[in-house]
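Here is the structure we will look at.
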Amino acid sequence: MTSTVASSKLKLKFNGHTERVTDLKIQEENGKKVLYTASRDKSIKGWEFVADTTGEVFAKLSKVFNGHGGFVNSISLAKSGKYLISVSADSTIRSWPISSEETKKHAKHSEKAYCVLAHSTGADESAEEYIFTGGVTPVLNIWNASLELKKKLKREDDETASITVIKAIPKKPELVICAYTDGAIVIWNIETGTVESAMKGHSCIIDSLVVSPDGSLCATAGRDKTVLLWDLKENGSNRCEISVGDAVNCLEFALSAYWLAAGTETSIIIWDILARDVVVEIPHPEDCKGSCTAIAWLDGFTLVAGYSDGSVRKYTIAIE
């Protein structure tokens with residue numbers, strides 16, 4: 000099977016932060032897509048893409064969240080869309096209201112926090128929202144929306160490995176999937192507090208983990224310069240490996256097609272998962288002083304990338 004041949008075009012570049020961009024999240028607010036960026040400069044910012052009188056699109060700064068005393072390592076948007084959660088190297092977890100009517104909250108994290116996930120364990124709007132965090136200590140912390148720590152889950156097979164990434168699994172709200180510093184991937188059942196399944200393919204720290212929109216696939220990247228694809232329908236028993244040849248900092252599945260984007264030290268690579276081939280590779284621009292450290296899809300063919308020099312770029316992908 001041949002891969003889809005595509006081309007990329009840089010549509011926008013702006014200097015969003017003064018230091019490394021650590022995370023990107025996108026949600027629709029009042030009919031507009033809003034991009035949230037987190038950074039090692041201790042700030043979180045919200046951006047809207049708007050057109051000027053000539054039709055030229057630019058990024059308009061619409062929100063700034065300041066308060067962390069250390070690197071902002073991870074952010075997550077609540078399913079309700081009402082608040083954004085962040086964790087930091089300053090050992091705090093913070094809840095930021097998207098609208099001014101809500102109240103800011105913060106709580107002490109027991110250690111430096113690496114990752115966060117805001118997640119509802121039910122399908123309807125009345126389901127309670129929880130927040131999951133991971134940090135230096137080897138536990139999965141479960142908080143309620145008021146930032147009250149309710150439970151801690153710990154692996155029995157390795158009591159030293161820390162959690163680096165936490166993601167939800169679409170169509171299975173009772174499950175979350177975690178990546179660990181020992182290369183393990185663990186699916187937790189939140190309702191029972193038990194391990195649903197565990198997988199291991201990397202022999203190093205996992206820096207990125209993403210789940211496909213239909214919940215069937217999981218992709219992981221470690222410091223071994225490889226990307227592993229796991230079949231979640233088979234509890235990860237079937238997997239394939241993609242050799243990248245470069246350190247992979249971030250991954251993100253496209254919203255519709257079976258495309259997987261990876262940000263590396265030298266480029267952004269997009270694969271067609273079904274064809275197992277490269278759709279397009281986007282080399283870092285000459286004016287880029289760093290590597291791609293965060294990725295998010297704005298729509299099916301528009302990619303937003305954050306870089307270690309604090310810059311943010313928007314690319315469109317066109318099938319040829």
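Under numbering that gives the first Met the number 0, the letters of the sequence shown match residues 0 to 319, in that order.
Cβ coordinates follow ideal geometry from the N, Cα and C atoms, glycine included.
*Report the residue ranges of all beta strand (DSSP E) runs contained in full by the segment 24–80; include only those spanning at least 3 residues, in chain order.*
31–38, 42–50, 56–65 and 71–76
*Could you tell me if the beta carbon of residue 271 falls within a distance shorter than 8 Å of some heavy atom in the ligand GDP?*
The ligand GDP is not part of this structure, which contains no ligands at all.
*Since residue 228 contacts residue 218 with CB under 8 Å, what's their CB separation in whole angstroms?*
5 Å
*Under the three-state DSSP convention, the category residue 319 falls into*: coil
_Counting C-beta neighbours from all protein chains within 10 Å, is the total for residue 182 16 or more, i.e. buried, or is it exposed?_
buried
*Own chain residues within Cβ distance below 6 Å of residue 22, not counting five before or after*: 37, 73, 74 and 293
_Presumed contact (8 Å Cβ cut-off) between residue 116 and residue 312, rounded CB distance_ = The pair is not a contact, with the Cβ atoms about 26 Å apart (cut-off 8 Å).
_Let me make sure I understand the geometry here. Which of 160, 284 and 109 has the alpha-carbon closest to that of residue 147?_
109
*Based on the DSSP output, what are the partners of residue 104 in its beta bridges?*
94
*To the nearest angstrom, how far is it from the Cα of residue 1 to the Cα of residue 316?*
Residue placement at residue 1 is flagged as unreliable, the pLDDT there being 46, under the threshold of 50; a coordinate-derived value is accordingly withheld.
*Pick out whichever of 226, 235, 257 and 168 has its Cα sitting closest to the Cα of residue 248.*
226
_Residue nearest to residue 91 in terms of C-alpha spacing, selected from 140, 84 and 107_ = 107
*Can you give the beta carbon distance from residue 175 to residue 118, rounded, assuming they're within the 8 Å contact cut?*
6 Å
_Under DSSP, the beta strand (DSSP E) around residue 283 begins and ends at which residues?_
Per DSSP, residue 283 belongs to no beta strand (DSSP E) and is neither H nor E.
*Given a threshold of 16 other Cβ atoms within 10 Å of its Cβ, counted over all protein chains shown, does residue 43 qualify as buried or as exposed?*
buried
_Integer Cβ distance of residue 141 from residue 153, believed to fall under 8 Å_ = That belief does not hold up - the Cβ atoms of residue 141 and residue 153 are roughly 12 Å apart, past 8 Å.
_Top-ranked residue by Cα proximity to residue 283, from 318, 162, 267 and 170_ = 267
*What's the gap between the Cα of residue 274 and the Cα of residue 204?*
28 Å
*Residues in its own chain within less than 8 Å of residue 280 by CB, not counting five upstream and five downstream?*
266, 267, 268 and 269
*DSSP on residue 233, reduced to helix/strand/coil?*
helix
*In angstroms with no decimal places, state the Cα-to-Cα distance between residue 14 and residue 71.*
17 Å
_Beta-bridge pairing of residue 8 - partner residues as DSSP gives them_ = 315
*Residue burial classification, residue 86 (beta-carbon count within 10 angstroms, cutoff 16)*: buried
*Whole runs of the beta strand (DSSP E) within the segment 249–276, excluding any shorter than 3 residues*: 258–263 and 266–271
*Pick out whichever of 172, 310, 167 and 82 has its Cα sitting closest to the Cα of residue 190.*
172
*asked:* Whole angstroms are fine: how far does the CA of residue 233 sit from the CA of residue 160?
replied: 25 Å
*asked:* Given a cut-off of 9 Å on the beta-carbon distance, is the pair residue 129 and residue 163 in contact?
replied: no
*Thinking just about the alpha-carbon of each residue, which of 32, 237 and 17 is nearest to the one in residue 301?*
32
*Whose CA, out of 202, 157 and 131, lies closest to the CA of residue 188?*
131
*Cβ-based burial, residue 239 [other Cβ within 10 Å; buried from 16]*: exposed
*asked:* Can you tell me whether residue 158 is helix, strand or coil according to DSSP?
replied: coil
*Find the nearest neighbour of residue 323 within the set 102, 314, 34 and 252, judged by alpha-carbon distance.*
There is simply no residue 323 to check, as the chain begins at 0 and stops at 319 in what is shown.
*Residue-chain proximity (residue 63, chain B), Cβ-Cβ < 9 Å*: Absence of chain B from the displayed structure is noted, only one protein chain being present.
*With which residues is residue 131 paired in a DSSP beta bridge?*
116 and 141
*Can residue 326 and residue 48 be called in contact, C-beta distance under 9 Å?*
The structure shown has nothing for residue 326, since the chain only spans 0 to 319.
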